[in-house]
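Everything below concerns the one structure shown next.
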Amino acid sequence: MIRFRPARAGRIALLAAHCDDLAIGAGGSLLTLCAARPGIRVDALVLSGGGTERQDEEHAALTAFCPGADLRLTVLELPDGRLPARWEEAKAAVEELRARTDPELLFAPHPADAHQDHRTLAELVPTAFRDHQVLGYEIAKWDGDLGRPSVYQPLAPEVAEAKVSLLQRHYPSQRHRPWYDREAFLGLARVRGIECHARYAEAFHVNKLTLDLSGG
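Take the position in the sequence shown, starting the count at 1, then add 5; the result is the number in the numbering used here.
Laid out in structure tokens, this is it:
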């Protein structure tokens, strides 16, 4: 495995179609990153769930997943499952986020995600963040769309356990779902860990990556 250490990030952006997407897809990476960089600015945009209990859940959850960060969260009220039909509003929201932040790293859905809301947002991200490094997170689901990601963030066992604990604690509205359990979250993390010679990991899809072999 080849390991790259990116330049010290002082600002990141998080984009999601739904509350809990970010925590499921990148919660362990956020815990790791924010612990290593106290005070990092985190601009987060979630397109649906505003004005409901899910907004409160998301605020509490991301505060816990981004300890010590300067978190700025916006949760909008676009309808769940109808994002393609609200393309103009979604695009405007992504462009507004871009206008107020210039992050070194973004976490967002990836374009091959089978959920129409995730996929639409993934397609919008590069129209606003054209020269930014985007890590496309994955979310296990009934559709069976897990692919072959190319970037891995190993998770210390205690971080993987903390991620599962926080998911269970902060999203009570999701506990009734058959896929929302400890085995599913740790199981995928274990598989991705096997793929990168770690106990646990989160994995991401990357469309473009520019190298600087000069070291300058």
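All C-beta atoms in this analysis are idealised placements derived from N, C-alpha and C, irrespective of residue type, glycine included.
Under the three-state DSSP convention, the category residue i falls into
i	result
residue 132	helix
residue 210	strand
residue 192	helix
residue 199	helix
residue 21	strand
residue 141	strand
residue 218	coil
residue 84	coil
residue 16	strand
residue 125	helix
residue 102	helix
residue 162	helix
residue 187	helix
residue 110	strand
residue 151	coil
residue 182	coil
Test item: CB-CB of residue i and residue j under 7 Å
i	j	result
residue 75	residue 176	no
residue 30	residue 144	yes
residue 56	residue 82	yes
residue 194	residue 161	no
residue 126	residue 114	yes
residue 150	residue 119	yes
residue 32	residue 70	yes
residue 134	residue 103	yes
residue 48	residue 77	yes
residue 219	residue 58	no
residue 129	residue 99	yes
With 16 other Cβ atoms within 10 Å as the buried cut-off, status of residue i
i	result
residue 132	exposed
residue 168	buried
residue 180	exposed
residue 170	exposed
residue 89	exposed
residue 27	buried
residue 17	buried
residue 136	exposed
residue 97	exposed
residue 192	exposed
residue 66	buried
Below-7 Å beta-carbon distance, residue i vs any chain C residue
i	result
residue 201	Among the protein chains of the structure shown there is no chain C, as only one such chain exists.
Cβ-Cβ separation, residue j to residue i (assumed contact under 8 Å), whole Å
i	j	result
residue 163	residue 34	Their Cβ separation, rounded to whole angstroms, is 15 Å, which puts residue 163 and residue 34 out of contact at 8 Å.
residue 79	residue 111	Actually they do not touch by this definition, with Cβ atoms about 15 Å apart.
residue 202	residue 154	Actually they are not in contact, since the Cβ atoms of residue 202 and residue 154 sit about 15 Å apart, beyond 8 Å.
residue 63	residue 73	With 8 Å as the limit, residue 63 and residue 73 do not qualify as a contact, their Cβ atoms being about 18 Å apart.
residue 22	residue 122	4 Å
residue 37	residue 158	7 Å
### Task
Can you check the region 29-71 for any beta strand (DSSP E) of at least 3 residues that lies completely inside it and give the ranges in chain order?
Annotation: the region 29-71 contains the following complete segments of the beta strand (DSSP E) (minimum length 3 residues), in chain order: 46-51.
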